[in-house]
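Below: one structure, written as structure tokens.
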Amino acid sequence: MVNPRRNMVNTLWLISFFGMVITGFIPLILGNTGLNGWWMILHVSIAPLFSILLAIGAMYYAKKMGIDFNDAHGRKLDRFIFWLFLLLFIPCALSILFSMNAWFGSTTQYVFLKVHFYSGIGMLLLVILHFKFLRNNKG
Amino acid sequence: MKKDSYELIVKKVLSTVSFKKNNSWPIINENIILNILTSFESQTSESTPVYVSGGKVYARNSNGLSTSYHPITDPYTWPIGHNVRPATMSLGSGGCTDCHSADSPFYTGIITVDSPLKTDDAMMVDFHSQNLFAAQVFSNAFIFRPWLKGIIYSSVFLILSLLALLFINGLGKWIDSTELDES
Chain A
0 MVNPRRNMVN TLWLISFFGM VITGFIPLIL GNTGLNGWWM ILHVSIAPLF SILLAIGAMY
60 YAKKMGIDFN DAHGRKLDRF IFWLFLLLFI PCALSILFSM NAWFGSTTQY VFLKVHFYSG
120 IGMLLLVILH FKFLRNNKG
Chain B
0 MKKDSYELIV KKVLSTVSFK KNNSWPIINE NIILNILTSF ESQTSESTPV YVSGGKVYAR
60 NSNGLSTSYH PITDPYTWPI GHNVRPATMS LGSGGCTDCH SADSPFYTGI ITVDSPLKTD
120 DAMMVDFHSQ NLFAAQVFSN AFIFRPWLKG IIYSSVFLIL SLLALLFING LGKWIDSTEL
180 DES
């Protein structure tokens, strides 16, 4: 059964995810060594929307993705991608949240940035993988 | 060229220049620099006289005065204290707004070149490879920073709860499948 609210959350989340990808990776592709200026403002502005939509979306899909290990409708690969994506979100979010405080020294701050960067790449690869398998499945 | 020769030349030219009321450097213009350099060149010398000020080297050429960059003009970067300061004086020790506030000197501080030559002032943001408006918009957004953290921490908590639930359910399923309690 189609759940319009779940579909809306899913669509908005996907838009915010691509917003995060564009504002996060395009400046680096363009040759900047880090995020600053308008790219940073956009990235930080989209981040809370992205994370809360992800959390709501995850709750909508948790049962379908087999959180109770019963009646799991989705394919195994979809479930794996779904849970791994959520798992990667934790270091991605916490690394940048911790770096917003003065709790850690410079070396740890650099490690946090690396963790944020690589877990972000991991999340992007998982979404690409998801769409690739989705297309192959339809094809 | 003897030392007293160029001292005489400089003194002669500068004698016409009045000092500022606050006894700071007198303002000398490019014509005065050109006069001094021309006078130097008229003396016997093995090298080309130049004037160094405000990060530039001024030399005389056929069109008058030319400016160029030379590493020797770089700012002095070994200040008193050998770059060592108490942690309480470091930027950021007072929180994010040490730098990220609309009027923070980190972005809006004016840098005046201490030199007799009239030079334009620079603003700190000029050295940050970004524009002042973007920096100030970002700084003003810091009033929403606690909301940003709150929303993302809540999302992390919800997702961690789901992952914990998945782990517990998985563990339960595994225990069921191994039938540990029946052995």
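Quick note, the sequences are listed as chains A and B, same order.
The first sequence: position 63 = 62 (numbering that gives the first Met the number 0), numbered continuously.
The second sequence: position 143 = 142 (numbering that gives the first Met the number 0), numbered continuously.
Just so you know, even glycine gets a beta-carbon here, dropped at the ideal spot from N, CA and C.
Computed from a prediction, not measured in an experiment: that's the story for all the values here.
- At least one C-beta of chain A is nearer than 8 Å to the C-beta of N168 of chain B.
- Here Y50 of chain B is bridged, per DSSP, to B:Y57.
- With fewer than 16 neighbouring CB atoms inside 10 Å of its own CB, L124 of chain A falls in the exposed class.
- For a cut-off of 8 Å, the C-beta gap from M122 of chain B to T111 of chain B is around 11 Å, too long to register as a contact.
- Separation of K63 of chain A and P90 of chain A (C-alpha to C-alpha, rounded to the nearest whole angstrom) is 24 Å.
- The Cβ atoms of L33 of chain B and L13 of chain B do not sit closer than 8 Å to each other.
- Taking all protein chains shown into account, H69 of chain B has fewer than 16 neighbouring C-beta atoms within 10 Å of its C-beta and is therefore exposed.
- For S65 of chain B, the uninterrupted beta strand (DSSP E) run begins and ends at 63 to 67, by DSSP.
- Residues of the segment 20 to 41 of chain A whose Cβ lies closer than 8 Å to any Cβ of chain B, in chain order: N35, G36, W37, M39, I40.
- Looking at the DSSP output, I109 of chain B bridges to B:M122.
- Two segments are said to touch when three or more pairs of C-beta atoms, one from each, lie closer than 8 Å; by this definition the segment 11 to 28 of chain A touches the segment 42 to 56 of chain A.
- With respect to T22 of chain A, L52 of chain A sits apart: the two C-beta atoms are not nearer than 8 Å.
- Chain B places no beta carbon closer than 8 Å to that of I80 of chain A, leaving this residue out of the contacts.
- Using a Cβ-Cβ cut-off of 8 Å, A140 of chain B is close to I40, V43, S44 of chain A, given in chain order.
- A check of alpha carbon separations from F141 of chain B across A:G119, A:M39, A:N2 identifies A:M39 as the nearest.
- Contact between S92 of chain B and A86 of chain B holds, since their C-beta atoms are separated by about 6 Å, short of 8 Å.
- Taking C-beta atoms as the reference points, F132 of chain A and L96 of chain A fail to come closer than 8 Å.
- Chain B has a Cβ within less than 8 Å of the Cβ of M99 of chain A.
- Rounded to the nearest whole angstrom, the C-alpha separation of A58 of chain B and N28 of chain B is 14 Å.
- L93 of chain A is positioned such that its CB atom lies no closer than 8 Å to that of M122 of chain A.
- I27 of chain B is bridged by DSSP to B:L116.
- Straight through space, the alpha carbons of I31 of chain B and N62 of chain B are spaced by roughly 15 Å.
- If the five residues before and after P115 of chain B are omitted, its C-beta is found closer than 8 Å to the C-beta atoms of W24, P25, I26, I27, S52, all from its own chain and listed in chain order.
- F126 of chain B and N168 of chain B have their C-alpha atoms roughly 55 Å apart.
- DSSP, reduced to helix, strand and coil, places C95 of chain B within a helical segment of the structure shown.
- Within the same chain, and ignoring the five residues on either side of F16 of chain A in sequence, the residues whose Cβ sits closer than 7 Å to its Cβ are F49, V126.
- With respect to chain B, the C-beta atom of M58 of chain A has a partner C-beta closer than 8 Å.
- Nearest neighbour of D120 of chain B by Cα position, chosen from B:Q135, B:D175, B:M88, B:G54, turns out to be B:G54.
- Just measuring C-alpha positions, the residue of A:Y60, A:N136, A:F111 sitting nearest N6 of chain A is A:Y60.
- Following the DSSP letters along the chain, one finds T177 of chain B inside the alpha helix (DSSP H) bounded by residues 144 to 177.
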